[in-house]
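Notes follow the structure.
Numbering (the UniProt record's numbering), first residue to last: 1 to 316.
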């Protein structure tokens, strides 16, 4: 029934939101398929109503002023609630459409998220989905400012502006090739790994903040062989025995199944875990499509947590 955009708010709100995303009136007009003058008029109208300038005009583009930042929070709430209403109205007519935007860590895109997307497509083939890969540390901001409906990230601290919809606990381990000197160990300490050279995640990734205290306390705290925000690069180097990388089993399932990598649990502090959580903006009523996606992701996280518990021996 609803095959068009639901318009229950002033066009100025949508124009403002597009301008702030594009940092340009011309580019916003192009994406909205309207004249630049029309966009500019709406922005000037908003500024007149607010009684303050919303954008600074800079050589490199437009930048939000303090008033613009305040209005952004309101506009984000309005537009997200419009999406929720649209989903509910479509649900009344059993038209399973909508859009879900996900911000996720790299590891979840290897097997976990593809499994969810396959189930989502089978159940709701008309729902469109966008996925952006980011470091865990930047995902809360994407959820809070409306760039993403859902955030999938490791080891995030609790926030007053986000809600944790589900969480799974996954053991941290050292990644080594089968021929590596550590391959025969049932568990390893960080200090032992450091003797063979470590590949460290940089501060964009949550694993950095979990491992950094171990590195500082290590009696062999040599400078890491490499620091990178690419977990795939770290895995490739570990396969070639060029260092020891660290992560959970999420994202290396296929490597483990093929025997190309081993995941040896860290035994520091009696065993270390990283929590994979699903997050939404606090207080937001999720549209039908987003809620359905969140449910499927939660089920998949729980399934993989149970599988890991069944195959990982307890560290004494």
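By construction, the Cβ of each residue, glycine as well, lies at the ideal position given by its N, Cα and C atoms.
So, helix, strand or coil for residue i, using DSSP?
i           : result
residue 2   : Because the pLDDT of residue 2 is 36, which lies under 50, any placement of that residue in the model is unreliable, and the question is left without a value.
residue 135 : coil
residue 19  : helix
residue 124 : coil
residue 94  : For residue 94, the pLDDT reaches just 49, beneath the cut-off of 50, and the residue's location in the model is therefore unreliable, although a value from the coordinates is still provided. Coil.
residue 235 : helix
residue 301 : helix
residue 270 : helix
residue 71  : helix
residue 150 : strand
residue 117 : helix
residue 245 : strand
residue 263 : strand
residue 328 : The structure shown has nothing for residue 328, since the chain only spans 1 to 316.
residue 309 : helix
residue 184 : coil
residue 323 : Outside the shown range of the chain (1 to 316) lies residue 323, about which nothing can therefore be said.
residue 65  : coil
residue 130 : strand
residue 110 : coil
residue 317 : Because the chain here runs from 1 to 316, residue 317 falls outside it and cannot be looked at.
Could you please give the first and the last residue of the uninterrupted beta strand (DSSP E) stretch that includes residue i?
i           : result
residue 176 : 173-176
residue 100 : 97-104
residue 257 : Not the beta strand (DSSP E): residue 257 falls in the alpha helix (DSSP H), residues 253-258.
residue 27  : Premise fails: residue 27 lies in the alpha helix (DSSP H), 25-32, not in any beta strand (DSSP E).
residue 213 : Element bounds for residue 213: not the beta strand (DSSP E) but the alpha helix (DSSP H), 206-217.
residue 192 : That residue, residue 192, is in no beta strand (DSSP E); its alpha helix (DSSP H) goes 190-194.
residue 201 : 199-201
residue 283 : It is not in any beta strand (DSSP E) - residue 283 carries neither H nor E in the DSSP assignment.
residue 156 : Run containing residue 156: none; DSSP gives neither H nor E here.
residue 228 : 226-228
Would you grab the beta carbon distance between residue i and residue j for me? Rounded to a whole angstrom, and I think it's under 8 angstroms.
i           : j           : result
residue 276 : residue 167 : 7 angstroms
residue 148 : residue 111 : With 8 angstroms as the limit, residue 148 and residue 111 do not qualify as a contact, their Cβ atoms being about 21 angstroms apart.
residue 172 : residue 274 : 6 angstroms
residue 68  : residue 24  : No, residue 68 and residue 24 are not in contact; Cβ-Cβ is about 14 angstroms, not under 8 angstroms.
residue 280 : residue 97  : Their Cβ separation, rounded to whole angstroms, is 20 angstroms, which puts residue 280 and residue 97 out of contact at 8 angstroms.
residue 296 : residue 143 : Actually they are not in contact, since the Cβ atoms of residue 296 and residue 143 sit about 18 angstroms apart, beyond 8 angstroms.
residue 18  : residue 31  : 6 angstroms
residue 249 : residue 308 : 6 angstroms
Residue i lies in the alpha helix (DSSP H); which residues open and close that run?
i          : result
residue 48 : 36-50
residue 54 : Careful: residue 54 lies outside any alpha helix (DSSP H) and carries neither H nor E.
Please report whether the beta-carbon of residue i lies at a distance below 8 angstroms from any beta-carbon of chain D.
i           : result
residue 135 : Of the protein chains in the structure, only one exists, and it is not chain D.
Measuring only from the beta carbon, is residue i closer than 7 angstroms to any heavy atom that is part of the ligand FAD?
i           : result
residue 230 : This structure lacks the ligand FAD, and indeed carries no ligand of any kind.
Next item on the list: Indicate whether the contact test is met: 3 or more Cβ pairs, each with one atom in the region 164-178 and one in the region 122-140, closer than 8 angstroms.
Entry: no
Check: Taking one C-beta from the region 147-166 and one from the region 102-112 each time, how about it: are there three or more such pairs within less than 8 angstroms?
Finding: yes
Notebook entry, point to check: Does the region 197-206 touch the region 233-253, meaning 3 or more C-beta pairs lie closer than 8 angstroms?
Noted result: yes
Note to self: Contact between the region 12-23 and the region 43-58 is defined here as three or more beta-carbon pairs at a separation below 8 angstroms; is this criterion met?
What the structure shows: yes
Next item on the list: State whether the region 284-301 contacts the region 257-269, with contact taken as three or more CB pairs (one from each stretch) at a distance under 8 angstroms.
Entry: no
Margin query: Does the structure place the region 181-193 close enough to the region 223-240 that three or more beta carbon pairs sit under 8 angstroms?
Written below: no
Notebook entry, point to check: Using 8 angstroms as the Cβ pair cut-off and three pairs as the minimum, do the region 119-130 and the region 287-302 touch?
Noted result: yes
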